Amino acid sequence: MNEQANETLNEQISAYVDGALSGRELASFEELLAANPELVEKIEITRLLRQTARALPAARLPRSFTLPPNTKPTLSFWQRLFGDAAQAQKIMRFGSAIATALFVFFAGMGLLNASAPPARVALVEATPTSTSPAPMVMSAMEAPAAKVIPIPRDAPLLGGGGPDIGGLGGGPPGNLGEQIPDVVPTNPPLPTAIPSPTATPTATPTPVVSVPVPHTASLSWAWVAGAFASLVAAVVLGVLGWRRQR
Amino acid sequence: MTTSQVALAASNAKLIPVDENLLITEAQKGDVESFNRLVTAHQAQVYNVAYRIMGDGASAADVTQDVFISVYKNIRSFRGGSFKHWLLRSTTNQCYDALRYAKRRPATSLEGLGAEDDEGDGDYDAFVAGDDENPHAFAERAELRHAIVLAMNDLPADQRIAFVLSDVQGMTYEEVAEITSANLGTVKSRLSRARARLRERLLEQRELLPGQYRQTSMGA
Numbered sequence: 004m005n006e007q008a009n010e011t012l013n014e015q016i017s018a019y020v021d022g023a024l025s026g027r028e029l030a031s032f033e034e035l036l037a038a039n040p041e042l043v044e045k046i047e048i049t050r051l052l053r054q055t056a057r058a059l060p061a062a063r064l065p066r067s068f069t070l071p072p073n074t075k076p077t078l079s080f081w082q083r084l085f086g087d088a089a090q091a092q093k094i095m096r097f098g099s100a101i102a103t104a105l106f107v108f109f110a111g112m113g114l115l116n117a118s119a120p121p122a123r124v125a126l127v128e129a130t131p132t133s134t135s136p137a138p139m140v141m142s143a144m145e146a147p148a149a150k151v152i153p154i155p156r157d158a159p160l161l162g163g164g165g166p167d168i169g170g171l172g173g174g175p176p177g178n179l180g181e182q183i184p185d186v187v188p189t190n191p192p193l194p195t196a197i198p199s200p201t202a203t204p205t206a207t208p209t210p211v212v213s214v215p216v217p218h219t220a221s222l223s224w225a226w227v228a229g230a231f232a233s234l235v236a237a238v239v240l241g242v243l244g245w246r247r248q249r
Numbered sequence: 036m037t038t039s040q041v042a043l044a045a046s047n048a049k050l051i052p053v054d055e056n057l058l059i060t061e062a063q064k065g066d067v068e069s070f071n072r073l074v075t076a077h078q079a080q081v082y083n084v085a086y087r088i089m090g091d092g093a094s095a096a097d098v099t100q101d102v103f104i105s106v107y108k109n110i111r112s113f114r115g116g117s118f119k120h121w122l123l124r125s126t127t128n129q130c131y132d133a134l135r136y137a138k139r140r141p142a143t144s145l146e147g148l149g150a151e152d153d154e155g156d157g158d159y160d161a162f163v164a165g166d167d168e169n170p171h172a173f174a175e176r177a178e179l180r181h182a183i184v185l186a187m188n189d190l191p192a193d194q195r196i197a198f199v200l201s202d203v204q205g206m207t208y209e210e211v212a213e214i215t216s217a218n219l220g221t222v223k224s225r226l227s228r229a230r231a232r233l234r235e236r237l238l239e240q241r242e243l244l245p246g247q248y249r250q251t252s253m254g255a
């Protein structure tokens, strides 16, 4: 008989002696018993073992194990802090309620702040000569009027002006590429580019794109931190109070 | 004075049994007297369980003392349920620790040298033969008991604890499972292994078995 089968048989013998075999298991085991008379001896010995163990005499106490009357109680942290357990529970519940109210306040203020209309716009300056323009985001108040590019005195002027004064803006399109190949931006102009109003006609116009700033940028971290801290406090105090109640 | 303290004082005056929950509540507030009443109510069982698991009186006394000190320190963490089971869980845990320590640092108890077997600390009334028992049968019974106790001490700790709680203390599988923090299947398995080992030991010493078992063995 292998070890697993032997173990199963031992469990069945143990359960049979305890009367813990259910109807079908019992019938099956009794069939096994009828076929294996040596099992009867094992069961009888197990019963004897159980009876003898149950009848073992109770040991006499060598002494009393009571604690000396002056034994100091070991108070928990909360008991040292709050005293009575019931009082501690009340304080925790009250603290949890306060923290919940704070959470609502902080979360509400944070949401109000976030939902206010954005007072800022971002300007993206497209650098005409750059192969990989890096957009610059800043508020309208902070943005410089325009980037003025110095132009040599004898260079042909762009924009405005007719051909009789040397301006290229009004000339035929065919002349543009021939006369100033390096000044014309190689990148295609952005569709929403607008020239800066303060740019002089002689300067190369710098396209500026206005982009709405996402609302999250205006969320104050102080509100978020306050809401998070009060939520944690509410949960911790609530759980502690609930555990004390149990 | 709280209501529970008033009830305790009244019970002390009239010597009436007090609700265990009341004593626990007072003990949780640090009342040593209430705790000592709990100790008095449970110390015999705790000591007996420790005695059967540890196998000698000195170790059992040490374990019992440690159990009550530990329970007093941690009584605030008691969340209701059976206080007896909670105490016995602490007892079996302390026994595990003591057995592990004894395994690492084996030593012979001076107290144990004097006593030839476990019955040295026991209740001697249990060893007096009854009116209907002849001296021969009484001696046989004592020898069998002695053999079982010796064999119990050779069991692994988990099997010994399951056997002591179930067969010596007469607890159900469910109670043993709760005390040892094991599931029912584990308890049944440990118990069946313990019984099988003890049974094998007894079958090796058939001369200790009562007459009818010796006849069976001869027939087999």
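Keeping their order, the protein sequence lines are chains A and B. Numbering-wise (our numbering), the first sequence opens with residue 4 and increments by one. Numbering-wise (our numbering), the second sequence opens with residue 36 and increments by one. Even glycine gets a Cβ: it sits at the ideal position worked out from N, Cα and C. Keep in mind it's a predicted model, so treat the numbers as computed, not measured.
Element boundaries [alpha helix (DSSP H), containing residue i]
i	result
valine 53/B	First-last for valine 53/B: undefined, no H or E at that position.
aspartate 290/B	In this structure chain B extends from 36 to 255, so residue 290/B is not present and cannot be described.
proline 245/B	Note, proline 245/B: premise wrong, no alpha helix (DSSP H); not H, not E.
alanine 8/A	6 to 21
lysine 138/B	118 to 139
serine 216/B	First-last for serine 216/B: undefined, no H or E at that position.
methionine 5/B	Any answer about residue 5/B is impossible in this case: the structure gives chain B only from 36 up to 255.
threonine 49/A	40 to 57
methionine 89/B	67 to 89
aspartate 97/B	92 to 109
Option nearest residue i by Cα separation, candidates the options
i	options	result
aspartate 21/A	Ala38/A, Met95/A, Glu34/A, Gln54/A	Gln54/A
isoleucine 46/A	Glu6/A, Glu14/A, Ala62/A	Glu14/A
leucine 105/A	Gly244/A, Val238/A, Gln7/A	Val238/A
asparagine 73/A	Asn83/B, Asp66/B, Ala231/B, Leu238/B	Asp66/B
arginine 114/B	Ala197/B, Gln204/B, Ala217/B, Thr60/B	Thr60/B
leucine 179/B	Asn9/A, Ile48/A, Glu33/A	Ile48/A
glutamate 55/B	Arg139/B, Phe118/B, Val106/B, Ser216/B	Phe118/B
alanine 56/A	Gln78/B, Gly205/B, Arg139/B, Glu209/B	Gly205/B
leucine 52/A	Glu28/A, Leu35/A, Ile16/A	Ile16/A
glutamate 213/B	Leu123/B, Glu68/B, Ala186/B	Leu123/B
glycine 111/A	Ala228/A, Ala236/A, Ala62/A	Ala228/A
arginine 87/B	Ser216/B, Phe103/B, Ala197/B	Ala197/B
proline 245/B	Met95/A, Leu29/A, Arg50/A	Arg50/A
glutamate 242/B	Glu175/B, Thr207/B, Val211/B	Glu175/B
alanine 62/A	Val222/B, Glu209/B, Val184/B	Val184/B
glutamate 210/B	Leu134/B, Trp121/B, Asn169/B	Trp121/B
leucine 243/A	Lys93/A, Ala18/A, Phe231/A	Lys93/A
alanine 229/B	Ser201/B, Thr215/B, Val98/B	Ser201/B
alanine 232/A	Arg96/A, Glu41/A, Glu10/A, Val107/A	Val107/A
serine 118/A	Leu36/A, Ser223/A, Ala236/A, Leu12/A	Ser223/A
glutamate 41/A	Met95/A, Ala23/A, Ala236/A, Leu12/A	Leu12/A
Per-residue burial, residue i [other beta carbons within 10 Å of its own, 16 or more giving buried]
i	result
alanine 48/B	Model confidence at alanine 48/B stands at a pLDDT of 47, short of 50, so the residue's coordinates are unreliable; what they give is reported in the following sentence. By the 10 Å Cβ count, alanine 48/B comes out exposed.
leucine 190/B	buried
tryptophan 226/A	buried
serine 227/B	buried
histidine 171/B	exposed
glycine 26/A	exposed
tryptophan 245/A	exposed
tyrosine 136/B	exposed
glutamate 239/B	exposed
alanine 102/A	buried
lysine 108/B	exposed
serine 224/B	buried
glutamine 7/A	exposed
leucine 219/B	exposed
glycine 113/A	buried
CB of residue i within 9 Å of CB of residue j, strictly
i	j	result
threonine 127/B	valine 84/B	yes
glutamine 194/B	arginine 236/B	no
glycine 92/B	asparagine 188/B	no
alanine 192/B	tyrosine 131/B	yes
alanine 96/B	arginine 66/A	yes
leucine 70/A	phenylalanine 70/B	yes
leucine 234/A	glycine 98/A	no
alanine 76/B	isoleucine 110/B	no
valine 106/B	serine 94/B	no
glutamine 78/B	phenylalanine 103/B	yes
phenylalanine 109/A	alanine 230/A	yes
alanine 18/A	glutamate 33/A	no
alanine 23/A	tyrosine 208/B	yes
Any non-hydrogen atom of the ligand SAM closer than 8 Å to residue i Cβ
i	result
phenylalanine 68/A	In the structure shown, the ligand SAM is absent, as is every other ligand, since no ligand is present at all.
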